[in-house]
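In the working numbering, the protein residues as written are -8 to 183.
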């Protein structure tokens, strides 16, 4: 049977050795205290600024009896006990329900991809020294003079295109910056 007690979670963390905790040691002894209050005490002890989501304030109370525990382990313990997660930026730690942070990460990633796909197209040529462009065409799964057809096997973005010139053994890529960077790395790795 799975136990949700703070002590059992702490024991599992210690035994699993998932992470090495290095924070200043603190002692917390509370009975039925809100997670918000515990997180405020951890913030004061750690020297970090902890920002809490509104949903954290609605969570049920918990009881703690921790002696000489690194503050970062105590923070992880409270988060695990209430299904919370964190994101750190410098000395600011944002704490929110795990699902809320995952949804936010997904939105940010989608937004970043959309911005990248709307970015300017850059043209770059790669003159191959050791491989033939015909071999590269196969590796890249592109058709001569055509745009990428949203083929998941192609490195090109939906707006990107590639041309090959067998006479000069040159590959010409027209795509967004991130794809050009990937192509540079790919050419360096394969053209040997």
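From the three backbone atoms N, C-alpha and C, an ideal C-beta is built for every residue, glycine too.
Keep in mind it's a predicted model, so treat the numbers as computed, not measured.
- Between the segment 50 to 59 and the segment 10 to 27, the count of Cβ pairs shorter than 8 Å is three or higher; the stretches touch.
- A distance below 6 Å between beta-carbons, with the five flanking residues on each side excluded, links residue 165 to the following residues of its chain, in chain order: 112, 114 and 152.
- Under the three-pair Cβ rule at 8 Å, the segment 73 to 84 counts as touching the segment 39 to 47.
- The shortest C-alpha to C-alpha distance from residue 119 to any of 171, 97 and 179 is the one to 179.
- When the Cα atoms are used, residue 48 and residue 169 turn out to be separated by approximately 40 Å.
- As the crow flies, the alpha-carbon of residue 96 is around 44 Å from that of residue 159.
- By the Cβ-count criterion, residue 60 is buried, with 16 or more other Cβ atoms from all chains shown falling within 10 Å of its own Cβ.
- In terms of Cβ geometry, residue 32 and residue 63 do not form a close pair [threshold 9 Å].
- When beta bridges are read from the DSSP output, residue 79 appears opposite 84.
- Checking the DSSP bridge columns, you'll see residue 56 partnered with 20.
- If you ignore the 5 residues before and after residue 74, its C-beta comes within less than 7 Å of the C-beta of 88 and 89, all in its own chain and listed in chain order.
- With contacts defined by Cβ atoms closer than 9 Å, residue 117 and residue 175 form a contacting pair.
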